[in-house]
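Going by the numbering used here, the sequence shown opens with residue 828, and the numbers climb by one from there. Everything on this sheet refers to the single structure shown next.
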Amino acid sequence: IVISVDHKDGIIVTHGWQSTTDISLIDSMKEFLHVGFTEFLLTNVNRDGTLEGPDLEFLKEACDLDKANVIASGGISNIDDIPK
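So, in structure tokens, the structure goes:
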């Protein structure tokens, strides 16, 4: 199972990115990790479609969570963004 989450500035968004919650993505990931889920697809809605590159600072924070396997989405503009 892959947990797919859309976020804006580290806060989970829903309903086609129209509704902002008060739920921290990192806190939510920690809760999922605690119950055994380790796979995450994270879409940064601030970057999606912009071709400005991924939000590396936030992705590092998410990837640094113990046992979290992260697939990043949003902002990738070319192959050079992938190895980062």
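Glycine residues also receive a C-beta, built at the ideal position from the N, C-alpha and C atoms.
query: In chain order, what residues of the same chain have a beta carbon less than 6 Å from the beta carbon of L886, not counting five sequence neighbours either side?
result: Excluding sequence neighbours, L886 sits near A899.
message: Taking 8 Å as the threshold (C-beta atoms), are K894 and L860 in contact?
response: In this structure, the beta-carbon distance from L860 to K894 falls below 8 Å.
- request: Return yes when the Cβ of L868 is within less than 8 Å of the Cβ of V829, no when it is not.
  value: yes
field: CB-CB length for G863 against G880, believed under 8 Å
entry: 32 Å between Cβ atoms; not a contact.
message: Let's test the definition: count the other Cβ atoms within 10 Å of the Cβ of L883 and tell me whether it reaches 16, buried, or not, exposed.
response: Answer is exposed; the Cβ neighbour count stays below 16.
query: According to DSSP, what are the bridge partners of L869?
result: V832, A899
- prompt: What number of angstroms, rounded off, separates the C-alpha of I853 from the C-alpha of I839?
  reply: I853 and I839: Cα-Cα distance of roughly 9 Å.
- prompt: What do you reckon, are the CB atoms on D833 and T870 nearer than 8 Å?
  reply: yes
field: Sub-8 Å separation of S855 and G837 beta-carbons
entry: no
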